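Q: The structure that follows is given in the form of structure tokens.
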Amino acid sequence: MKKLQTVLAVASCKLVRSLLRITKRGGGTALPGKAAMKFQKNILAETARGMEIAVVTGTNGKTTTSNMIETALAAAGKDVLANKSGANLLSGVTAEFCCAADWRGRPGKRFAVIECDEGALKQVVPLIRPRVIVVTNLFRDQLDRYGEVMHTLEQIRRGVESVPESTLCLNSGDSLVSSLALDVPNRVVYFGLDMPFGGQEPRAVSDAAHCICCGAPYRYHFYTYAHLGDFYCPSCGYRRRPPEVSVRSVSRMDASGTEFCISVGGQNYPARIPLPAIYNVYNAAAAVAACLALGESAPAAIGALSGVHSSFGRMETFYPGKEPVQMILVKNPAGCTQTIGFLTGLPEDYTLVLCLNDRTADGHDISWIWDAEYERFAADPRLRQVYVSGDRAEDMQLRLKYAGVPEERIVLEKDNVKLLAMMRESQRPVFVMPNYTAMLSLRAVLSEATGAKAFWEK
Amino acid sequence: MELRLCHLYPEVLNLYGDRGNILCMEERLRRRGIGVTTTPLRIGERTALDRFDLFFIGGGQDFEQEVLLADLASGKGQEIRAAVEDGKTFLAICGGYQMMGHYYETREGVRCDFLGAVNFHTVGADRRMIDNYAFRLSEESGGSVVVGFENHSGRTYLGEGVRPLGTVLKGCGNNGEDGTEGCRSRNVFGTYSHGPVLPKNPELCDAILSSALERKYGRAELEPLDDRFERLAHDSVLAKIMNGDI
Numbered sequence: 000m001k002k003l004q005t006v007l008a009v010a011s012c013k014l015v016r017s018l019l020r021i022t023k024r025g026g027g028t029a030l031p032g033k034a035a036m037k038f039q040k041n042i043l044a045e046t047a048r049g050m051e052i053a054v055v056t057g058t059n060g061k062t063t064t065s066n067m068i069e070t071a072l073a074a075a076g077k078d079v080l081a082n083k084s085g086a087n088l089l090s091g092v093t094a095e096f097c098c099a100a101d102w103r104g105r106p107g108k109r110f111a112v113i114e115c116d117e118g119a120l121k122q123v124v125p126l127i128r129p130r131v132i133v134v135t136n137l138f139r140d141q142l143d144r145y146g147e148v149m150h151t152l153e154q155i156r157r158g159v160e161s162v163p164e165s166t167l168c169l170n171s172g173d174s175l176v177s178s179l180a181l182d183v184p185n186r187v188v189y190f191g192l193d194m195p196f197g198g199q200e201p202r203a204v205s206d207a208a209h210c211i212c213c214g215a216p217y218r219y220h221f222y223t224y225a226h227l228g229d230f231y232c233p234s235c236g237y238r239r240r241p242p243e244v245s246v247r248s249v250s251r252m253d254a255s256g257t258e259f260c261i262s263v264g265g266q267n268y269p270a271r272i273p274l275p276a277i278y279n280v281y282n283a284a285a286a287v288a289a290c291l292a293l294g295e296s297a298p299a300a301i302g303a304l305s306g307v308h309s310s311f312g313r314m315e316t317f318y319p320g321k322e323p324v325q326m327i328l329v330k331n332p333a334g335c336t337q338t339i340g341f342l343t344g345l346p347e348d349y350t351l352v353l354c355l356n357d358r359t360a361d362g363h364d365i366s367w368i369w370d371a372e373y374e375r376f377a378a379d380p381r382l383r384q385v386y387v388s389g390d391r392a393e394d395m396q397l398r399l400k401y402a403g404v405p406e407e408r409i410v411l412e413k414d415n416v417k418l419l420a421m422m423r424e425s426q427r428p429v430f431v432m433p434n435y436t437a438m439l440s441l442r443a444v445l446s447e448a449t450g451a452k453a454f455w456e457k
Numbered sequence: 000m001e002l003r004l005c006h007l008y009p010e011v012l013n014l015y016g017d018r019g020n021i022l023c024m025e026e027r028l029r030r031r032g033i034g035v036t037t038t039p040l041r042i043g044e045r046t047a048l049d050r051f052d053l054f055f056i057g058g059g060q061d062f063e064q065e066v067l068l069a070d071l072a073s074g075k076g077q078e079i080r081a082a083v084e085d086g087k088t089f090l091a092i093c094g095g096y097q098m099m100g101h102y103y104e105t106r107e108g109v110r111c112d113f114l115g116a117v118n119f120h121t122v123g124a125d126r127r128m129i130d131n132y133a134f135r136l137s138e139e140s141g142g143s144v145v146v147g148f149e150n151h152s153g154r155t156y157l158g159e160g161v162r163p164l165g166t167v168l169k170g171c172g173n174n175g176e177d178g179t180e181g182c183r184s185r186n187v188f189g190t191y192s193h194g195p196v197l198p199k200n201p202e203l204c205d206a207i208l209s210s211a212l213e214r215k216y217g218r219a220e221l222e223p224l225d226d227r228f229e230r231l232a233h234d235s236v237l238a239k240i241m242n243g244d245i
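Here is the structure:
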């Protein structure tokens, strides 16, 4: 009976996905999984049985870190399953495993790299029992959907507690994330930056100003960004643990990529990723830690980083005209402020497009734009023109006014086709900072114009 | 003319883009040639509160609000009550708004004593009241329509002598029952409209600034500003809210 259920579950999943794609209803990321679960509730456990799995969760960097781990495993000759579409809830993850399985529900591949929503972790990991769980970072994010960061942390903790055998790869410089290790028996590999970055001012807005153990204000030997850095509690002694995978220095960072030195077990290695911004250096360290925990060698994992491709909407570049259009997904103040820091540090003139939607996948509450430091754009003479777009373009326009961006440089344009026309004719590089659903719609227009692949083909 | 702003507990009460309100008040004073200084007052820091004209207190995480109660009990709470009695202007939002009342009673019946600076109390509830919403300010606060975002599970009930800040047009407001939103008592403006409520609602911002200027200088004539972007942002969201699009 159970065998029949498994067969039906897998078959329904594959069928629904095919139908959705044939009828061009999009990637079909959630519905096929739901269909499969109707036939067999725990079909995910069946189709993931015996696989070597790394799960990546955390506020920012899930997709990019997963992509890096997958690239490294593929470079080592492994056949890897990954949920590249970004469908990271239980239904989406289930669909990925079912569609990769054979008709009897046996896993089609030996390895998997799965990014998982913070809230869904507690549902997903007890079923797939991953060998490794990576937690990238925790920032305020879509407060109306996820609640406060402490709530999100609790959700992750519940997931971790269900799999004591999994190795945790934790960001040592994030006091919230590294606190996960305090009450669980799991083996832990810490990753992080062993160096300051940016201005060494404490951020005006911190998601973790006070010690999670005793409530005293943290102090820092150095900051990297947001609340990340070498924190310590002067009262109870909770402090950053020395990272086993640590970035020692960054020697170069521009639009084409970043060069840095990474240390594993006391041995230094030069590393390069074709992605800019400090948060991608964290992602790289996280990926290396995960590869080590999966039994890969450090030099191979680090070497593979240079072959990473930008993922869906994350530093993805299009050429609709003469000049490049680079899309940088931003979803919360921490990532947004880092992206602003990167753009305002560029040596050339540029045009900016800010797209802000407020649909369910984005969160209805867009208040967070007031926590991101758009003020830096006002002081950047290379920023020549800013387009504001999306459902809440007017809110973004007002934010820019308060940030001090001259009103005459701001253009409100909600029509993606007109934005595309502007990009085609632009004499300067264009950078687009959309949030999630704004990225989906604008990316569809851009990929149609440039022949880029749909996300499920990537 | 000059207003001295005090930002209470900015390091913990800063959820949801609260700093947008400080930026807005500062900017609307500066553009009118009125001086402004903002002083953050953090946990453990003490200074005489009577030197300030206007206080801002935002919303925070539950975890951090616990840290804060101990600081209030160490004397700052007494000073805040005195400033309210003295007619100083306060903008208190979400968690900060709740804190101005007598107490918060959790669903389990545990009572947490708050400042008691204004006569109201809050009771925890199962259902979270969360979404874009709109309310009309009472005449004493200008009478215009405010758009904002509410996200709270506490239900607030106003006591005798405390007027609501406005009347709910769409959404829940204080408790989802009596149609009231926020409080207005002396010069305390309390609201559940969290985060950056002022930039999109310049009339509310000006009403708050006027109350502080009037108390200090006996008069407040705020000249009109170019609010084109403000109006666009306000009207586009209001239309969505009233149409039920969000």
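As you go down the protein sequences, you meet chains A and B in turn. For the first sequence, the positions run 0 to 457 when numbering that gives the first Met the number 0 is used. For the second sequence, the positions run 0 to 245 when numbering that gives the first Met the number 0 is used. C-beta atoms are modelled at their ideal positions from N, C-alpha and C, and glycine is treated no differently. Just so we're clear, the structure is a prediction, and the values are computed from it rather than from any experiment.
Starting from residue 1 of chain B, trace the alpha helix (DSSP H) in both directions and tell me its first and last residue.
A: Note, residue 1 of chain B: premise wrong, no alpha helix (DSSP H); beta strand (DSSP E) at 1–7.
Q: Beta carbons nearer than 9 Å to chain A: which residues of the stretch 66–91 of chain B have them?
A: Listed by position, the residues of the stretch 66–91 of chain B near chain A (Cβ gap below 9 Å) are 66 and 69.
Q: State yes or no: is the C-beta of residue 255 of chain A within less than 8 Å of the C-beta of residue 192 of chain A?
A: No, these two residues do not count as a Cβ contact at 8 Å.
Q: For residue 103 of chain B, list the residues DSSP reports as bridge partners.
A: Answer by DSSP bridge pairing, in chain order: B:111 and B:121.
Q: Pick out whichever of A:433, A:48 and A:429 has its Cα sitting closest to the Cα of residue 357 of chain A.
A: Among A:433, A:48 and A:429, the Cα nearest to that of residue 357 of chain A is on A:433.
Q: Which of helix, strand or coil does DSSP assign to residue 16 of chain B?
A: Residue state, collapsed to three classes: helix.
Q: Considering Cα atoms alone, identify which of B:243, B:237, B:30 and B:122 is closest to residue 135 of chain B.
A: Ranking B:243, B:237, B:30 and B:122 by Cα distance to residue 135 of chain B puts B:237 first.
Q: Looking only at its chain, what residues have a beta carbon closer than 7 Å to the beta carbon of residue 457 of chain A, apart from the 5 residues adjacent to it on each side?
A: Note on residue 457 of chain A: pLDDT 44, under 50, position unreliable in the model; the coordinate value appears next. Answer for residue 457 of chain A: 83 and 311, listed in chain order.
Q: State the DSSP-derived secondary structure class of residue 459 of chain A, mapped to helix, strand or coil.
A: Residue 459 of chain A is absent from the structure shown; chain A starts at 0 and stops at 457.
Q: Check the DSSP bridge columns for residue 191 of chain B and list the partner residues they point to.
A: In the DSSP output, where bridge partners are listed per residue, residue 191 of chain B has none listed.
Q: Find the residues of chain A that neighbour residue 141 of chain B, judging by a C-beta separation of less than 9 Å, and give them in chain order.
A: Those do not exist, as residue 141 of chain B stays about 19 Å from chain A at its closest Cβ, beyond 9 Å.
Q: What are the boundary residues of the alpha helix (DSSP H) that residue 442 of chain A is part of?
A: Where residue 442 of chain A is concerned, the enclosing alpha helix (DSSP H) stretches over 435–449.
Q: In the DSSP assignment, find the beta strand (DSSP E) that holds residue 76 of chain B and state where it starts and stops.
A: First-last for residue 76 of chain B: 76–84, but that is the alpha helix (DSSP H), not the beta strand (DSSP E).
Q: Can you find a CB in chain B that lies within less than 8 Å of the CB of residue 368 of chain A?
A: Closer than 8 Å to some Cβ of chain B, the Cβ of residue 368 of chain A qualifies, so yes.
Q: Should residue 441 of chain A be labelled buried (16 or more other beta-carbon atoms within 10 Å of its own) or exposed?
A: So residue 441 of chain A ends up on the buried side.
Q: In chain order, which continuous runs of the alpha helix (DSSP H) of length 4 or greater are located wholly inside the stretch 78–144 of chain A?
A: List check, alpha helix (DSSP H) in window: 89–99 and 120–127.
Q: Grab me the residues of residue 259 of chain A's own chain with a C-beta within less than 7 Å of its C-beta, minus the 5 sequence neighbours each way, in chain order.
A: 246, 248, 249, 250, 270 and 280.
Q: Below 9 Å on C-beta distance, what does residue 396 of chain A contact in chain B?
A: The contacting residues are 228, 231 and 232.
Q: Below 8 Å on C-beta distance, what does residue 60 of chain B contact in chain A?
A: By Cβ distance, chain A contributes 147, 148 and 149.
Q: Got a sec? Which residues, its chain only, sit under 8 Å from residue 160 of chain B by beta carbon, not counting five neighbours each side?
A: Once the five neighbours on either side are set aside, the close Cβ partners of residue 160 of chain B are 118 and 184.
Q: Tell me whether residue 426 of chain A sits in a helix, a strand or coil according to DSSP, three-state version.
A: DSSP places residue 426 of chain A in coil when its eight states are reduced to three.
Q: Residues of chain B with CB under 7 Å from residue 174 of chain A, in chain order?
A: Per Cβ cutoff of 7 Å: no residues; residue 174 of chain A is ~12 Å from chain B at best.
Q: Keeping to the same chain, check which residues put their C-beta closer than 7 Å to that of residue 78 of chain B; ignore five residues upstream and five downstream.
A: Result list for residue 78 of chain B: 48, in chain order.
Q: Pop quiz: residue 115 of chain A and residue 35 of chain A are said to be a contact at Cβ under 8 Å. What is the actual Cβ separation, rounded to whole angstroms?
A: Actually they are not in contact, since the Cβ atoms of residue 115 of chain A and residue 35 of chain A sit about 17 Å apart, beyond 8 Å.
Q: So that I know if they touch, is there some Cβ in chain B lying closer than 8 Å to that of residue 142 of chain A?
A: Taking Cβ atoms only, chain B reaches closer than 8 Å to residue 142 of chain A, which makes this a yes.
Q: DSSP three-state call for residue 270 of chain A: helix, strand or coil?
A: Looking at residue 270 of chain A - three-state DSSP - the assignment turns out to be strand.
Q: Just checking: is the beta-carbon of residue 167 of chain B within a distance shorter than 8 Å of some beta-carbon in chain A?
A: Not an interface residue.
Q: Check each candidate in B:54, B:115 and B:51 and name the one with the smallest Cα separation from residue 76 of chain B.
A: Taking only the C-alpha atoms, the option nearest residue 76 of chain B is B:115.
Q: Which residue or residues does DSSP assign as beta-bridge partners of residue 534 of chain A?
A: Missing from the structure shown is residue 534 of chain A; chain A here goes from 0 to 457 and no further.
Q: What does the alpha-carbon distance come out to for the pair residue 220 of chain A and residue 240 of chain A?
A: In a straight line, the C-alpha of residue 220 of chain A is about 13 Å away from that of residue 240 of chain A.
Q: In this structure, what does DSSP give as the bridge partners for residue 251 of chain A?
A: Bridge partners of residue 251 of chain A: A:258.
Q: Give me whichever residues DSSP pairs with residue 216 of chain A in a beta bridge.
A: Bridge partners of residue 216 of chain A: A:209.
Q: Note down, in chain order, each residue of its chain lying with its Cβ closer than 6 Å to the Cβ of residue 125 of chain A, except the 5 sequence neighbours on either side.
A: Once the five neighbours on either side are set aside, the close Cβ partners of residue 125 of chain A are 161.
Q: Kindly list the residues whose CB is nearer than 7 Å to the CB of residue 67 of chain A, restricted to its own chain and excluding five residues on each side of it in sequence; keep chain order.
A: Result list for residue 67 of chain A: 282, 283, 286, 304 and 307, in chain order.
Q: Secondary structure at residue 150 of chain B, three-state DSSP: helix, strand or coil?
A: Residue state, collapsed to three classes: strand.
Q: Count the CB pairs spanning the stretch 48–56 of chain A and the stretch 1–19 of chain A that are closer than 8 Å, and state whether there are at least three.
A: Because the criterion of three Cβ pairs below 8 Å is not met, the stretch 48–56 of chain A and the stretch 1–19 of chain A do not touch.
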